[in-house]
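Residue numbers (my numbering): 366 to 795.
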Ligand code: HSE
């Protein structure tokens, strides 16, 4: 039986899972694929570390460059999660015609264009199913299953840690810090947890999904990103009273050749299917012009789920060695190419204001919104004693981000407004 040699760069949580399941599911893989996959070499930082799997010591090296020079290795798996080193490793592998499998979302989001230019010039595939949505096969779905569709929109819950935090804040009334600690203890958070809560990790994934869907590498600076760090129990509670849940959503849309890519906390109707995606689970609702709406749901992080994605890429890499292909993992095209500036993007909004409870306050605020052609769809004001400070929640009809920013600047300057207004975007999936 034909055998392919694999070089594993990085043996953290996912690397150990790949080694473990290549061994455990070896017979199944051999039967299904018709060839053997054998790990030839593993690059690690620390030779002595316990990884929870037994690895023959002769496979280990602390020098990832050895994998590039090993002629027995045809496929490399990059799981080092670094920036420059991972990039050097991947580009080095492509130059040597070794197929690349990686889960490095930050690297792809920032250097996808460069990596795929190298891949095309050397005709070497790069596969990255593990970069988005853990075990959910969203990359292959967009790349293959929906190849004939214009993707109209993708709405994704793509960061398990922030979804876990929001779920615990909503359902158990936990504070933000306490919920983050729980997520970290469960091993879901990034090495730098700031990336989970500030929207950075979700933005990396949004860039990858949007780039795949629209055929060009979306420049990171064109993506609007806001995290969940400033959400309060108050907002979660008001959203519930109004029939919404708050989720950190990656929103990707296209219209007339122009696309929008953004990540921010979002009020979504509690009846929408994404509202019931809880804990560390991820989900993506994808709308294509032929297929209509479809939903992907599953474990977006964790050793086994992510390992499953890496192994599917390994199988695809081995197939690509057997029969060379035109699709190298990303198919660039020229139907799209520009990103709409955030100012011009239209949304609906939730505004929470902290105001003096006295006559005329609502009239002043409504006056500012009216002057700017912004419509109010509903108002919620929990009862407060006359003359005290009150919360005032306004739901706002469709307006551009520029319009709402102008309104917020004017509203903040009113003497009856006691704190910086809180604005959260609302999505109705129409
Ligand atoms: N920190 C990420 C998350 C892990 O919480 O979703 C998977 O990319």
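Note that the Cβ used here is the ideal one computed from N, Cα and C, for glycine as well.
The structure displayed is predicted, hence computed values, not measured ones.
Looking at the DSSP output, residue 704 bridges to 624. In the three-state DSSP reduction, residue 492 falls in the strand class (E or B). If you look at residue 553, you'll find it isn't in any beta strand (DSSP E); DSSP assigns it neither H nor E. Two segments are said to touch when three or more pairs of C-beta atoms, one from each, lie closer than 8 Å; by this definition the region 510-517 does not touch the region 660-677. Here the distance from the Cβ of residue 377 to the nearest heavy atom of the ligand HSE is not below 8 Å. As far as DSSP is concerned, residue 476 takes part in no beta bridge.
Residue environment analysis places residue 367 among the exposed positions, since fewer than 16 neighbouring C-beta atoms fall within 10 angstroms of its C-beta. Listed in chain order, the alpha helix (DSSP H) runs fully inside the region 563-590 are 565-579, counting runs of at least 4 residues. With a threshold of 8 Å, the Cβ atom of residue 671 counts as near the ligand HSE, since some heavy atom of the ligand is closer than that. In this chain, the alpha helix (DSSP H) harbouring residue 775 covers 766-777.
Per DSSP, reduced to three states, the secondary structure at residue 681 is helical.
Scanning 505, 526, 648 and 694 for the CA closest to the CA of residue 552 turns up 526. For residue 781, the closest C-alpha among the options 724, 744 and 683 is that of 724. Taking C-beta atoms as the reference points, residue 609 and residue 700 fail to come closer than 9 Å. By the Cβ test, the region 368-376 is in contact with the region 403-417, since at least three Cβ pairs between them sit closer than 8 Å.
Boundaries of the alpha helix (DSSP H) harbouring residue 382: 378-389, taken from the DSSP string. Only buried fits residue 446, as 16 or more other CB atoms lie within 10 angstroms of its CB.
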